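*Asks:*
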Amino acid sequence: MASLRDIRKRIRSVKNTRQITKAMKMVSAAKLRKAQDAILAARPYAQTLEQIISELAVRSADQELAHPLLATRPIRRVELLLLTSDRGLAGGFNSNVIRRANRYLYENSNLQVRVSTVGRKGNDFFRNRGQSIRKDFAGLYATLNYRSAANVAEELAAAFLNDEVDAVYVVYNEFVSAITQNVVVSQLLPLQPAAVKAATTATPETVTAAPALVDFKYEPSRQAVLDRLVPQAVNIKLYRALLESVASEQGARMSAMENATNNATDMISSYTLLYNRTRQAVITKELMEIVSGAEALK
């Protein structure tokens with residue numbers, strides 16, 4: 043049985059840990075509010091921009107308009123971009139993304155897949171297991187804004203345009219709530235607006251039955267508008283994925299620290315009960331020794 047001093051040290055240690063986890067929970071809650079506001083503000087813009095490109099692509103289907111970032115080709119070489127965090131203590135946030143990336147590599151072993159990472163956890167995992175990393179975008183979260191995200195997107199787009207890769211996918215946690223995050227594998231390039239996706243899966247009957255769209259007047263031209271919007275849509279899509287990842291990280295860390303705080307409270311209660319029982323046993327033993335000594339002196 044542990045001594046009273048050992049139990050007191052354990053209680054003190056767990057109380058100190060509870061203070062740390064409680065403080066980390068409060069910090070993550072404050073950061074989550076800011077990250078949640080950012081992603082809620084970015085989603086409508088990204089969805090509207092994708093809708094504009096979709097409608098423009100449908101209206102211009104008979105105009106032979108195209109953009110290189112919309113062009114599909116047989117997929118043989120793929121770039122996989124992982125969005126993890128720089129720090130741990132976030133529950134299954136990082137492990138879920140890494141597990142999904144590993145599954146993608148296993149399911150597409152017939153393709154030439156090169157990996158890039160944003161976040162130290164994903165980079166450390168694959169480097170420790172001998173997986174070659176094309177590039178680690180270190181420190182991106184510290185200066186995360188639209189321009190920094192656009193720089194990454196433009197680098198990936200340049201690789202796609204230079205025929206170095208045939209497709210680019212992003213693996214990240216999509217923010218749902220503070221306790222729920224969904225791991226998704228999103229195709230970044232070639233860009234596939236909603237109408238293009240629907241057209242590739244639609245039957246001839248549904249295509250002919252679709253209502254005619256009212257066209258607009260474009261300045262300076264349809265192609266110029268398309269050339270301006272498509273690269274911007276790619277940048278916004280990656281920027282949104284980064285914001286989703288940041289919000290998911292703070293939500294996962296807040297939930298993990300809350301669970302750790304509750305577990306620490308339960309441990310303190312258990313150790314306090316053990317301390318009281320051990321103390322009572324020591325007192326009972328001392329009383330028995332005193333009584334036995336008194337009886338021996340009679």
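Residue 309 in the numbering used here sits at position 267 of the sequence shown; the count goes up by one each step and never skips.
For each residue, glycine too, the CB sits at the ideal point set by N, CA and C.
These figures come from a predicted structure and were not determined experimentally.
1) Going by DSSP in three states, residue 183 sits in which element: helix, strand or coil?
2) Over what stretch of residues does the beta strand (DSSP E) that includes residue 119 continue unbroken?
3) Let's test the definition: count the other Cβ atoms within 10 Å of the Cβ of residue 54 and tell me whether it reaches 16, buried, or not, exposed.
4) Let's test the definition: count the other Cβ atoms within 10 Å of the Cβ of residue 215 and tell me whether it reaches 16, buried, or not, exposed.
5) Going by the CB atoms, is the gap between residue 200 and residue 232 shorter than 8 angstroms?
6) What would DSSP say about residue 215, mapped onto helix, strand or coil?
7) Under 7 angstroms Cβ to Cβ from residue 273, same chain only, skipping five residues before and after it: list those, please.
8) Considering Cα atoms alone, identify which of 203, 330, 75, 179 is closest to residue 125.
9) Could you tell me whether the Cβ atoms of residue 81 and residue 286 are closer together than 8 angstroms?
10) Please determine, among 291, 205, 313, 196, the residue with the shortest C-alpha to C-alpha distance to residue 113.
11) What does residue 51 pair with, by DSSP beta-bridge criteria?
12) Kindly identify the DSSP beta-bridge partner or partners of residue 177.
13) Using only the alpha-carbon positions, how far apart do residue 213 and residue 304 sit?
14) State yes or no: is the C-beta of residue 175 within less than 8 angstroms of the C-beta of residue 155?
*Replies:* The short version:
1) helix
2) 119-125
3) exposed
4) By the C-beta density criterion, residue 215 is buried, having at least 16 other C-beta atoms within 10 angstroms.
5) no
6) strand
7) 111, 199
8) 179
9) Contact: yes.
10) 205
11) DSSP lists no partner for residue 51.
12) 158
13) 31 angstroms
14) no
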